[in-house]
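As structure tokens, the structure follows; a few thoughts come after it.
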DNA sequence: CTGAAAGCGCTTACAG
DNA sequence: CTGAAAGCGCTTACAG
């Protein structure tokens, strides 16, 4: 079987206590014995049993990643991979392992958040893709488990979050359209089960207000972030408000849906209507016309979420961490 | 602290032994005591400590997912999410948790495969995205850890694999082009560090042979599956062999690169040249012209990998599992 | 049908 | 600087 601390102790002629201390870098071991033990451990190809250690220390050096909506109906989460890669990179430094939990909101048996985390004794968790109506939200508001949320504003003793500055980003996107001369600007927003939707609406309103453009309820519509959602909303909006010359979207997928709808209606983009998205997914640079959009630094969001979680686990105070965004100007919006 | 088996024993007035057996469904417990214990466990909101159990049973009910190349230079793994979603679904039934290991081949300290798995005592692992030259390959050939590979043919006492029938798929794609009247058919293949590349080349050759079309070395080129790779290969191939009227590709990304290159060279697709890809990634149905390609059922590949791993863990014999593919005909190839 | 005891591989007061 | 012992929360022969 696998070699244990006991085997090393026998070979070295010391107690397991000493082996444990030597290997864990405690100061109260003579250099001589430490060296001997280390050498033997290496020769025996010893690898500590993290399970056993976890049982006694009550720390597993493992964090959970709880992700909802990995598969939305008809589409995979468009930038989960970037967030995931960032998280892995952020965890690597401190050698935390990652357990992936995918929650399916349509499923019957949803394990409560605390149970989910406690079953594997994760030291903390990152939570992504949750809707505001998800029952986990209420649990997380009162949890004792170190948690970092992505794009959901909850802050308490153990819970922090990271996100872009959505108000500012939407403000910039809308202001850009205004600067191009647009006055009748539609906004196809995400569903109102996402915190970012409200923040983006606020930024949109702010830009109108600052430029003395009256806000009109009929220019704003909530939908589900998907391409089909954008397609349908665009048709309806343009049909009912033909004076609209530009549409801002809360996701690139919706913007691409609008692009298709415009094409099908015989409208040219950007000549007849300007389109701006949000996210800067890979597809947005590949389509024609290239999509003007807000780039979110998803890798960085994941990275910082991981770093922040580690710091909370170590006892630091949770915060809201803002990741910079950027307006990416391509060809889908133009001056009028 | 969390409630343990000991607490339940105390409340129920029985020994921990009995509690353990009652909760684990052993037959040798009276129905009466079992009911009592179950009720108390429920009331106390007991949740077993899987760490402690793992220490004694030497089973963690956890599997690893080892993925290389999660981020290739300049691009994220295009269908990892589908595979992942399939794996999670396949694991759900048997309640296995998933630990995600991303290996970065460029990194210095690559933990040996067995050590990676043993550190967390996973019961088995699924391996995806490995190159043939990866040192893990040799390790896996001799491992005792239940393992299922995706797209890498290794079979032994504990190791099985799942893949599409790449020979047959490439055969079908090439035959389709031949049926359209093409005789000078290029093949932009993946790098020769992937098993699938050899299999697809074999299928390509087979189709030519069957139709009495001589195979020409200069019509075949190996590259790295990426869009840039396709772009450059296409330019070179068409420049040196202007008689080519159709090009088959080992990935959609490369096919899309060729599409771009053709455009830049003033060639129309499919009028001047026919293009066929492999994978059927999401993008392929969205671009113009829609890409004719081979669809791989990635979700299913992931799902079956998980199911097969569970069966190997339970002692069944590893196999090669073939997941059906399908030729998806869109607009990028036409009759001449 | 039930319980006392040993043990999984570690860590950590405590004593020397 | 070192070791004996207790204990983390479970499971599992073994005995009754």
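Protein chains in written order, with my numbering: chain S, -7 to 328; chain W, -7 to 328. Positions of the beta carbon are idealized from the N, C-alpha and C atoms, including for glycine.
Q) Quick one, are the C-beta atoms of residue 47 of chain S and residue 15 of chain W less than 7 Å apart? A) In the first chain, residue 47 of chain S corresponds to position 55, counting from 1. In the second chain, residue 15 of chain W corresponds to position 23, counting from 1. No, Cβ-Cβ distance for residue 47 of chain S and residue 15 of chain W is not below 7 Å.
Q.
Beta-carbon within less than 8 Å of residue 112 of chain W's beta-carbon, same chain only, minus the 5 sequence neighbours each way: which residues are those?
A. On the second chain, position 120 is the one that residue 112 of chain W refers to. Result list for residue 112 of chain W: 52, 54, 56, 91, in chain order.
Q. Does the beta-carbon of residue 80 of chain W have 16 or more other beta-carbons within 10 angstroms, so that it is buried, or is it exposed?
A. Position 88 of the second chain holds residue 80 of chain W. Flag for residue 80 of chain W reads buried.
Q.
Measuring only the C-alpha atoms, how far is residue 118 of chain S from residue 17 of chain S?
A. The residue you call residue 118 of chain S lines up with position 126 of the first chain. The residue you call residue 17 of chain S lines up with position 25 of the first chain. Approximately 30 Å between the Cα atoms of the pair.
(Q) Please report the straight-line C-alpha distance between residue 63 of chain S and residue 294 of chain W, rounded to a whole angstrom. (A) For this step, residue 63 of chain S is matched to residue 71 along the first chain. For this step, residue 294 of chain W is matched to residue 302 along the second chain. If I take the Cα positions, the gap works out to 14 Å.
**Q.** Straight-line Cα distance separating residue 124 of chain S from residue 84 of chain W
**A.** Numbered from its first residue, the second chain carries residue 84 of chain W at position 92. Numbered from its first residue, the first chain carries residue 124 of chain S at position 132. Residue 84 of chain W and residue 124 of chain S have their alpha carbons spaced roughly 25 Å apart.
Q. What residues of chain W sit near residue 47 of chain S, judged by a beta carbon separation below 7 Å?
A. Taking the first residue of the first chain as 1, we reach residue 47 of chain S at position 55. The contacting residues are 43, 44, 47.
**Q.** Between the CA atoms of residue 158 of chain S and residue 210 of chain S - distance to the nearest angstrom
**A.** Sequence index remark: in the first chain, residue 210 of chain S carries index 218 (1-based). Sequence index remark: in the first chain, residue 158 of chain S carries index 166 (1-based). Computed Cα separation, rounded: 22 Å.
Q | Alpha-carbon spacing of residue 263 of chain W relative to residue 326 of chain W, whole angstroms | A | Start at 1 with the first residue of the second chain, and residue 263 of chain W comes out as number 271. Start at 1 with the first residue of the second chain, and residue 326 of chain W comes out as number 334. Residue 263 of chain W and residue 326 of chain W: Cα-Cα distance of roughly 7 Å.
Q. In whole angstroms, what is the alpha-carbon distance linking residue 114 of chain S and residue 25 of chain W?
A. Stepping through the first chain from its first residue, residue 114 of chain S is reached at position 122. Stepping through the second chain from its first residue, residue 25 of chain W is reached at position 33. Whole-angstrom Cα-Cα distance: 32 Å.
Q: Would you kindly work out how many angstroms separate the C-alpha atoms of residue 207 of chain W and residue 229 of chain W, rounded to a whole number?
A: One-based indexing of the second chain puts residue 207 of chain W at position 215. One-based indexing of the second chain puts residue 229 of chain W at position 237. Cα to Cα, residue 207 of chain W sits roughly 15 Å from residue 229 of chain W.
(Q) Quick check on residue 157 of chain W: does DSSP put it in helix, strand or coil? (A) Position 165 of the second chain, counted from the first residue, corresponds to residue 157 of chain W. Looking at residue 157 of chain W - three-state DSSP - the assignment turns out to be coil, as it is neither helix nor strand.
Q: Using a cut-off of 7 Å between C-beta atoms, extract the partners of residue 110 of chain W located in chain S.
A: Reading the second chain from its first residue, position 118 is the one you call residue 110 of chain W. Neighbours of residue 110 of chain W on chain S, chain order: -6, 39.
Q | Closest Cα partner of residue 192 of chain S within the set S/226, S/147, S/242 | A | For this step, residue 192 of chain S is matched to residue 200 along the first chain. When each option's Cα is compared against that of residue 192 of chain S, the closest is S/242.
Q. Given residue 141 of chain S, which residues of its chain have a CB within under 6 Å of its CB, disregarding the five upstream and five downstream residues?
A. Along the first chain, read from residue 1 onward, the residue named residue 141 of chain S stands at position 149. Cβ within range, chain order: 119, 153.
Q) At which residue ranges does the region 13 to 80 of chain S contain complete alpha helix (DSSP H) runs of 4 or more residues, listed in the order of the chain? A) 23 to 35, 42 to 49
Q) To the nearest angstrom, how far is it from the Cα of residue 86 of chain W to the Cα of residue 103 of chain S? A) Reading the second chain from its first residue, position 94 is the one you call residue 86 of chain W. Reading the first chain from its first residue, position 111 is the one you call residue 103 of chain S. If you take the alpha carbons of residue 86 of chain W and residue 103 of chain S, they lie about 15 Å apart.
Q. Listing by chain order, which chain W residues have their CB less than 8 Å from the CB of residue 317 of chain S?
A. Indexing the first chain from 1 puts residue 317 of chain S at position 325. None at all; the shortest Cβ gap to chain W is about 19 Å.
Q: Determine which residues of the region 71 to 90 of chain S have a Cβ less than 7 Å from any Cβ of chain W, and write them out in chain order.
A: 72, 73, 74, 77, 80, 89, 90
Q.
Which residues in chain W have a C-beta closer than 7 Å to the C-beta of residue 94 of chain S? List them in chain order.
A. Counted from its first residue, the first chain places residue 94 of chain S at position 102. Residues of chain W passing the Cβ test: 80.
(Q) Any C-beta of chain W within less than 7 Å: which residues of the region 121 to 142 of chain S qualify? (A) Answer in chain order: no residues at all.
Q.
Closest to residue 144 of chain S by C-alpha separation, out of S/155, S/97, S/150, would be which residue?
A. Counting from 1 along the first chain, the entry for residue 144 of chain S is found at position 152. Of S/155, S/97, S/150, the residue nearest in Cα terms is S/155.
Q) Under the rule that 16 or more other beta-carbon atoms within 10 Å means buried, what is residue 75 of chain S, buried or exposed? A) Within the first chain, residue 75 of chain S is the residue found at index 83, counting from 1. Buried, since its Cβ has 16 or more Cβ neighbours within 10 Å.
(Q) Using DSSP's beta-bridge definition, name the partner residues of residue 181 of chain W. (A) In the second chain, the residue the question calls residue 181 of chain W occupies position 189. When DSSP reads this structure, residue 181 of chain W sits in a beta bridge with W/214.
(Q) Mapping the DSSP letters down to three states, classify residue 266 of chain W as helix, strand or coil. (A) By 1-based counting over the second chain, the position of residue 266 of chain W is 274. Reduced to three states, the DSSP call for residue 266 of chain W is strand.
Q. Smallest Cα separation from residue 291 of chain S: which of S/162, S/299, S/161?
A. Here residue 291 of chain S is taken as the residue at index 299 of the first chain, counted from 1. Comparing Cα positions, the closest option is S/299.
Q. According to DSSP, is residue 271 of chain W helix, strand or coil?
A. By one-based count along the second chain, residue 271 of chain W stands at place 279. Here residue 271 of chain W sits in strand by DSSP.
Q.
Closest to residue 42 of chain W by C-alpha separation, out of W/234, W/58, W/-3, W/278, would be which residue?
A. Residue numbering aside, residue 42 of chain W sits at position 50 when the second chain is read from its first letter. Of the listed residues, the one whose Cα sits closest to residue 42 of chain W is W/-3.
Q. Is residue 105 of chain S close to chain W, meaning its C-beta is less than 7 Å from at least one C-beta of that chain?
A. Counting from 1 along the first chain, the entry for residue 105 of chain S is found at position 113. False, the Cβ-Cβ gap to chain W never drops below 7 Å.
(Q) Whole angstroms are fine: how far does the CA of residue 186 of chain S sit from the CA of residue 289 of chain W? (A) The count along the second chain starts at 1 and reaches residue 289 of chain W at position 297. The count along the first chain starts at 1 and reaches residue 186 of chain S at position 194. C-alpha of residue 289 of chain W to C-alpha of residue 186 of chain S: approximately 31 Å in a straight line.
**Q.** Near-chain S residues of the region 164 to 192 of chain W - C-beta to any C-beta below 9 Å
**A.** none
Q.
Please report whether the beta-carbon of residue 292 of chain W lies at a distance below 7 Å from any beta-carbon of chain S.
A. By one-based count along the second chain, residue 292 of chain W stands at place 300. So no, residue 292 of chain W is outside the interface.
Q | Per-residue DSSP class, three states only, for residue 149 of chain S | A | Position 157 of the first chain holds residue 149 of chain S. Coil.
Q) If the cut is a Cβ gap below 7 Å, which residues of chain W does residue 312 of chain S touch? A) Here residue 312 of chain S is taken as the residue at index 320 of the first chain, counted from 1. By Cβ distance, chain W contributes nothing, its closest Cβ being about 27 Å from residue 312 of chain S, past 7 Å.
**Q.** Exposure label - residue 231 of chain W; buried when at least 16 CB within 10 Å
**A.** The sequence position of residue 231 of chain W within the second chain is 239, counting from 1. Label assigned to residue 231 of chain W: exposed.
Q) Which parts of the region 88 to 143 of chain W are runs of the beta strand (DSSP E), unbroken and 3 residues or longer, counting only runs that do not cross its ends? A) Runs of the beta strand (DSSP E) inside the region 88 to 143 of chain W: 89 to 95, 116 to 120, 139 to 142.
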